[in-house]
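Okay, structure first, notes after.
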Amino acid sequence: MSNPDLHGMWADAHVSYSAPAGTGVSHRSDPLAEQAAAWNARLAEAAPQGALLTDNAMFASLRGGNTQHLLHVTHSFDRIMRDGTLRPSGGCLVGSLYCAPLTPTSGGLRMHNLAEYVLTREAPASLARSPFSGRVTTPLVLEITTPRHGYRGLAGIDYLRLGSIHLRNYRELENLLGPTERCELREAVVSRVKNSTDFLGLAAAIAHRPEPAEHEAFPRLLSETIPRLPVLGYVYFEALSEYLMLYSRSPQTQRLAEQGEFNNLLYKKVLFEGFPGTAGRFDLARFRPGFALLEQILGQVDPSIEAAHARAHLTARISHLATARFLGPERSAEPWHRTRWDFDHVAEVFGPLLGHLIHRELRRFHRYPDFYHFFDAYKAVQAWNYWNHMDIALPFNGTMPKGEIGVNPAYSELDYRVWRAELGDDGLLHPVQEVPLRLTPRLVDTQHTLMRDSRTAGRYEVLRKPRRLADSTL
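In case it helps, this note's numbering puts the sequence shown at residues 5 to 478.
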């Protein structure tokens with residue numbers, strides 16, 4: 005890649021699982037490197053399912069052979085067949101074709117538990133709540149063969165590390181907005197940060213102490229801050245999901261661990277059973293249950309979870325992730341009450357957080373249908389360029405290796421075949437018709453995606469009417 009800074013930013017957005025005990029790689033200018041290493045060791049060595057962080061079925065398959073079998077679920081099979089192309093979504097693993105692993109058996113293809121949940125429960129529920137009446141859920145099986153020189157390391161993309169990239173890309177493309185719009189956006193995101201420093205200060209203080217502990221003010225500040233910092237809801241949910249998959253001791257979790265899989269059903273149940281009506285409304289920016297409510301939900305979802313341990317762990321883990329992912333290398337330069345609250349200075353201290361906030365504001369911007377795809381496409385092209393440079397054909401979700409794996413549509417040396425499949429009474433997938441589809445590096449329009457917030461389609465005309473960015477608080 006011609007820009008070494010951009011290359012380094014994309015490198016920092018990936019997590020290496022090839023190092024021993026999931027220690028990963030050191031990121032540049034990381035004041036929390038020591039705490040991050042302590043967390044990696046603790047999760048890998050002390051959590052009941054920690055061994056799966058580096059020794060799981062998906063990683064074994066990626067390490068062990070050139071051919072992978074993957075499930076992609078669509079509700080637009082007829083349109084895809086008319087076009088003759090499979091296209092990625094900008095919201096799915098940064099522009100890759102979203103898939104989950106399949107394991108060949110003598111009777112058919114066994115689905116990873118994440119794949120099974122998406123196909124049999126999540127996708128149908130999302131479709132039922134979508135404006136696309138009359139469509140059906142169709143499983144597609146991809147047989148992917150990568151070249152021998154393809155990257156054999158285990159480096160996954162972590163979307164929580166993309167804040168600096170979002171900020172950089174906004175600065176490159178900000179003139180797509182008018183002067184008034186740019187001013188409103190800058191004022192909105194700076195105001196959100198300025199009014200969230202109580203939480204950010206507490207989180208940073210906790211993050212520098214690696215031992216989990218409860219803090220009386222933390223749950224309240226977390227809940228109060230998420231509406232101002234919507235990406236914090238994603239951090240909360242990712243930390244909770246990670247905890248459940250690592251610390252569950254349920255028989256189902258242990259059975260799946262024997263197959264080399266994390267138990268994805270746990271966090272799915274928290275989201276869709278603890279908060280009915282969430283399926284098809286993937287707005288994790290609104291995820292902010294109080295710890296008391298969360299304790300009740302966890303008791304129903306998995307009685308093996310110890311509530312006191314969960315509270316202390318989540319307090320420390322959310323604090324670490326928020327501090328490490330949201331604040332720039334200058335975060336310790338001065339007390340935050342001395343911060344100059346202009347955009348450029350705030351970007352020095354809170355650059356990654358500003359990037360995430362801008363990314364969210366643009367998604368909700370009143371001219372979203374006219375230009376947001378340029379930001380998505382610009383980011384996707386950078387990802388494809390980095391992956392091709394590294395020979396990464398199958399990027400995966402590196403936030404947690406839970407079974408989300410993508411196909412790089414810009415990788416020229418992929419050998420692949422695609423089948424329409426059917427789910428048999430035996431619970432296995434059976435390819436029934438090979439289909440002539442071509443993977444193409446062009447993002448699908450968000451109105452055609454299944455896993456986007458179902459309210460997006462209905463917002464297109466409404467959001468053409470002007471409104472102030474500052475009024476978009478969740």
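Heads up, the beta-carbon is just placed ideally off N, CA and C, and yes, glycines get one too. As the structure is a computational prediction, the values presented were derived from the model and not from experiment.
{"query": "Local Cβ density within 10 Å of residue 345, reported as buried at 16 or more and exposed below that", "result": "exposed"}
{"query": "Unbroken beta strand (DSSP E) run spanning residue 76, endpoints", "result": "71-78"}
{"query": "Cβ contact check for the stretch 196-203 and the stretch 253-263: 3 or more pairs under 8 Å", "result": "no"}
{"query": "C-beta atoms of residue 274 and residue 305 nearer than 7 Å", "result": "yes"}
{"query": "Inter-residue CB distance, residue 71 and residue 169 (contact presumed, cutoff 8 Å)", "result": "With a Cβ gap of about 32 Å, residue 71 and residue 169 do not count as contacting."}
{"query": "Meets three-Cβ-pair contact criterion under 8 Å: the stretch 376-390 and the stretch 159-174", "result": "yes"}
{"query": "Simplified DSSP state of residue 104, which is helix, strand or coil", "result": "strand"}
{"query": "Sequence-distant residues of its chain with Cβ nearer than 7 Å to residue 294 (five each side left out)", "result": "223 and 227"}
{"query": "Every unbroken alpha helix (DSSP H) inside the stretch 27-65 [4 residues or more]", "result": "37-50"}
{"query": "Residues bridged to residue 420 (per DSSP)", "result": "148"}
{"query": "Selected residue, minimal CA-CA separation from residue 323, among 391, 308, 99 and 221", "result": "221"}
{"query": "Distance, residue 430 Cα to residue 364 Cα", "result": "42 Å"}
{"query": "In DSSP terms, what residue 18 is bridged to", "result": "161"}
{"query": "For residue 159, the nearest candidate out of 289, 15, 413 and 251 (CA to CA)", "result": "15"}
{"query": "Boundaries (first-last residue) of the beta strand (DSSP E) holding residue 410", "result": "409-411"}
{"query": "When 99, 218 and 308 are compared against residue 382, the one with the closest alpha-carbon", "result": "99"}
{"query": "Collapsed DSSP secondary structure at residue 179 in the structure displayed", "result": "helix"}
{"query": "Bounding residues of the alpha helix (DSSP H) (the contiguous stretch that carries residue 83)", "result": "81-87"}
{"query": "Which residues DSSP lists as bridging residue 442, in chain order", "result": "89"}
{"query": "Cβ-based neighbour list, residue 13, same chain, cut-off 6 Å, excluding 5 preceding and 5 following", "result": "168 and 169"}
{"query": "Of the residues 144, 287, 68 and 128, the one placed nearest residue 156, counting alpha carbons only", "result": "68"}
{"query": "4 or more residues per run - each alpha helix (DSSP H) lying fully within the stretch 371-415", "result": "372-394"}
{"query": "At least three beta-carbon pairs within less than 8 Å, the stretch 120-134 to the stretch 434-451", "result": "no"}
{"query": "Residues near residue 291 by beta carbon distance below 7 Å, same chain, minus five either side", "result": "237, 240 and 241"}
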